[in-house]
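Taking it in order: structure first as structure tokens, then the write-up.
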Amino acid sequence: MDAKDTMTLEIFRYHPETDSEPRFQPYEVPYNEDWVVLDAINWIKDHVDGSLTHRWSCRMGVCGSCGMMVNGEPKLTCAAFLKDYYPFGIKVEPLVNFAVERDLVVDMDGFMDKLQEVKPYIIRDDVNDTSEGEYRQSPAQLAQYKQYSMCINCMLCYAACPVAGHEDEFLGPAALALGHRYNKDSRDQGQAERLDVMLAGEAIWGCTFVGECTVVCPKHVDPAGAIQQAKAMAAQEFFKGFVMPKGTGA
Amino acid sequence: MSGQYHRSHKWAWFFERPGYVRFMVREFTGFFVGGYLVVLLVTLSKLAGGGEAAFAEWLASVSGPWWLVAHLVALVASVWHTVTWFAVVPQAMPIYLGENRLPAPVAAIVMGYGPWLTVTAVILWWVLR
């Protein structure tokens with residue numbers, strides 16, 4: 062491979078203080094076989110244009126900060142290798158279905174609000190004293206939710222979901238998968254509280270099982286599966302409500 | 136917040152990803168399943184209440200070449216709908232054996248293809264006996 066090889070990155074640029082519309086700006090970057098798209102964007106920021114704005118942190122698919130549209134596909138840019146696109150150009154945009162703050166940075170507030178709504182933490186009616194030790198869990202109980210606990214909040218699933226882009230009431234794949242993760246946790250007692258939120262309006266019922274959230278998830282969380290299971294759980298609770306009086310703990 | 140840029144949504148969003156197209160095709164095949172069910176219900180009602188002459192007349196009216204084509208299209212659409220649905224059922228209804236989740240293809244056979252083939256075999260046996 063010629064060391065002087067280059068690739069062209071077309072990057073979405075939008076500065077709210079000067080631009081009324083976004084534009085795409087091409088940059089020539091050195092082609093290195095072991096570079097990922099994030100390396101190329103960082104190289105542009107360090108050597109060509111310091112005003113380019115993007116989010117990133119860990120560079121190893123853990124922090125979930127560097128999600129962007131790479132040639133129209135939601136990707137963690139730290140895991141999208143240049144060699145998979147070479148010698149063709151790469152178009153980089155901010156995640157779709159989100160408002161753009163600046164260049165490649167999107168507004169996460171709506172997502173964070175939805176995440177908080179599903180109470181993604183263990184809720185207990187009775188809290189044991191620490192001297193009583195931890196709440197024990199078997200490997201079989203762990204298996205029920207472990208897959209859904211791998212979510213890194215990268216929001217790629219929201220960019221792949223047509224419903225998230227059209228229905229504001231819909232809580233979206235990651236938030237619902239995390240809600241389901243805690244509902245399936247044997248240590249948790251907050252299922253009723255979460256289902257109240259998840260059953261409201263289009264919060265969960267907006268999902269039509271397109272399934273693309275699962276396709277793009279870099280951590281194999283399968284939010285689409287989690288949402289369908291949560292729907293089934295919600296329906297069971299709804300029908301149980303007819304036969305079980307409130308407060309029986311059933 | 137002011138200054139944010141909101142990208143517009145295309146009305147033809149279902150062409151934006153191959154997965155969206157597959158989803159829309161799966162949904163669209165539902166019309167054929169529904170249409171066939173209407174024909175089947177009318178056929179059953181003629182069989183149940185209209186007498187032999189009315190039933191024979193109904194059968195004759197749905198025996199033309201266009202009806203044959205319509206039934207073939209409905210069959211292909213129904214099979215497509217069924218197969219794509221069985222492919223996603225294991226996501227919605229996982230089966231755990233202890234800490235191990237049944238692999239999706241096995242779960243699809245247990246919850247989908249197995250019962251489907253069993254019911255089909257029973258109906259065939261009942262009709263052909």
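Protein sequence lines correspond, in order, to chains A and B. Each residue of the first sequence is one higher than the last, beginning at 62 in the working numbering. Each residue of the second sequence is one higher than the last, beginning at 136 in the working numbering. Idealized CB from N, CA, C, for every residue including glycine. Computed from a predicted model, the values in this text were never measured in an experiment.
**Prompt:** How would you label F231 of chain A, buried or exposed, when you count the other beta carbons within 10 angstroms and need 16 or more for buried?
**Reply:** Buried is the call here.
**Prompt:** H144 of chain B CB to nearest chain A CB: under 8 angstroms?
**Reply:** The Cβ of H144 of chain B sits closer than 8 angstroms to at least one Cβ of chain A.
**Item:** Where H141 of chain B meets chain A, residues with beta-carbon distance less than 7 angstroms
**Value:** For H141 of chain B, the neighbours in chain A by C-beta distance under 7 angstroms run, in chain order, A160.
**Request:** Using only alpha-carbon positions, find the residue among A:F73, A:S112, A:G128 that is nearest to L217 of chain A.
**Result:** The shortest C-alpha separation from L217 of chain A is found at A:G128.
**Request:** Along the beta strand (DSSP E) that carries F73 of chain A, what are the first and last residues, could you check?
**Result:** Segment 67 to 74, the beta strand (DSSP E) holding F73 of chain A.
**Asked** With 8 angstroms set as the bound, which would you pick, yes or no: does the beta-carbon of G154 of chain B sit closer than that to a beta-carbon of chain A?
**Response** At least one CB of chain A lies nearer than 8 angstroms to the CB of G154 of chain B.
**Message:** Quick check on the burial criterion: 16 or more other C-beta atoms within 10 angstroms. Buried or exposed for F163 of chain B?
**Reply:** Exposed, by the Cβ-count rule.
**Asked** Shorter than 8 angstroms from the beta carbon of E234 of chain B to some beta carbon of chain A?
**Response** Cβ-Cβ to chain A under 8 angstroms: yes for E234 of chain B.
**Prompt:** Around the C-beta of D283 of chain A, are 16 or more other C-beta atoms found within 10 angstroms, so that it is buried, or is it exposed?
**Reply:** Answer is buried; the Cβ neighbour count reaches 16.
**Message:** Using only CA atoms, which one of B:S143, B:G249, B:W202 lies nearest to E82 of chain A?
**Reply:** Restricting attention to B:S143, B:G249, B:W202, the CA atom closest to the CA of E82 of chain A is found in B:S143.
**Asked** Using the beta-carbon of each residue, which ones in chain A are nearer than 8 angstroms to W215 of chain B?
**Response** In chain order: nothing, as chain A lies at least about 16 angstroms away.
**Prompt:** From K175 of chain A to D229 of chain A, what distance separates their C-alpha atoms?
**Reply:** Answer to the nearest angstrom: the Cα atoms are 10 angstroms apart.
**Prompt:** Three-state secondary structure (DSSP) at P240 of chain B?
**Reply:** In this structure, P240 of chain B counts as helix in the three-state DSSP scheme.
**Asked** Checking contacts by CB at 8 angstroms: is G226 of chain A closer than that to chain B?
**Response** Closer than 8 angstroms: yes.
**Request:** Report buried or exposed for Q252 of chain A, applying the criterion of at least 16 other Cβ atoms within 10 angstroms of its Cβ.
**Result:** So Q252 of chain A counts as buried.
**Message:** Let me confirm a value: G150 of chain A is counted as buried when at least 16 other C-beta atoms fall within 10 Å, else exposed. Which label applies?
**Reply:** Residue burial is scored here from C-beta neighbours: G150 of chain A has fewer than 16 other C-beta atoms within 10 angstroms and is therefore classed as exposed.
**Item:** Whole-angstrom C-beta distance between Y140 of chain B and V161 of chain A, which should lie under 8 angstroms
**Value:** Approximately 4 angstroms separates the beta-carbon atoms of V161 of chain A and Y140 of chain B; this is inside 8 angstroms, confirming the contact.
**Prompt:** What are the uninterrupted segments assigned as alpha helix (DSSP H) that are 4 or more residues long and contained completely in the segment 176 to 225 of chain B, given in chain order?
**Reply:** For the segment 176 to 225 of chain B, whole alpha helix (DSSP H) runs of length 4 or above, ordered along the chain, are 186 to 196.
**Prompt:** From the DSSP output, which residues share a beta bridge with Q86 of chain A?
**Reply:** Bridge partners of Q86 of chain A: A:I72.
**Request:** Would you check if the distance between the CB atom of I265 of chain A and the CB atom of K245 of chain A is smaller than 8 angstroms?
**Result:** No, the Cβ-Cβ distance between I265 of chain A and K245 of chain A is not below 8 angstroms.
**Request:** Determine, using beta carbons only, whether G169 of chain B comes closer than 8 angstroms to chain A.
**Result:** Not an interface residue.
**Request:** Rounded to whole angstroms, what's the CA-CA distance from C139 of chain A to N235 of chain B? Just pull it up for me.
**Result:** Cα to Cα, the separation comes out at about 31 angstroms.
**Item:** Beta-carbon spacing of V179 of chain A, R255 of chain A below 8 angstroms
**Value:** Taking 8 angstroms as the Cβ cut-off, V179 of chain A and R255 of chain A qualify as a contacting pair.
**Request:** List the residues of chain A that V223 of chain B touches, going by C-beta distances under 7 angstroms, in chain order.
**Result:** The CB of V223 of chain B comes closer than 7 angstroms to the CB of F270, G272 in chain A, given here in chain order.
**Message:** Please state whether the Cβ-Cβ distance between W148 of chain B and Y155 of chain B is less than 8 angstroms.
**Reply:** Cβ distance < 8 angstroms, so W148 of chain B and Y155 of chain B count as in contact.
**Request:** Compute the Euclidean distance between the alpha carbons of T202 of chain A and F167 of chain B, then round it to the nearest angstrom.
**Result:** Inspection of the sequence shows that residue 202 of chain A is occupied by Gln rather than by Thr. The alpha-carbon of Q202 of chain A is positioned some 42 angstroms away from that of F167 of chain B.
**Message:** My output table needs one value for G233 of chain A: the three-state DSSP class, helix, strand or coil.
**Reply:** Looking at G233 of chain A - three-state DSSP - the assignment turns out to be coil, as it is neither helix nor strand.
**Prompt:** Rounded to whole angstroms, how far is the Cβ of M211 of chain A from the Cβ of K280 of chain A, which I believe are closer than 8 angstroms?
**Reply:** Contact between M211 of chain A and K280 of chain A holds, since their C-beta atoms are separated by about 4 angstroms, short of 8 angstroms.
**Asked** Does any CB atom of chain B fall closer than 8 angstroms to the CB of V276 of chain A?
**Response** V276 of chain A counts as touching chain B.
**Asked** Under the three-state reduction of DSSP, which class applies to G111 of chain A: helix, strand or coil?
**Response** Here G111 of chain A sits in coil by DSSP.
**Request:** Indicate whether I72 of chain A and Y92 of chain A have their beta-carbon atoms separated by less than 8 angstroms.
**Result:** Going by C-beta atoms, I72 of chain A is not nearer than 8 angstroms to Y92 of chain A.
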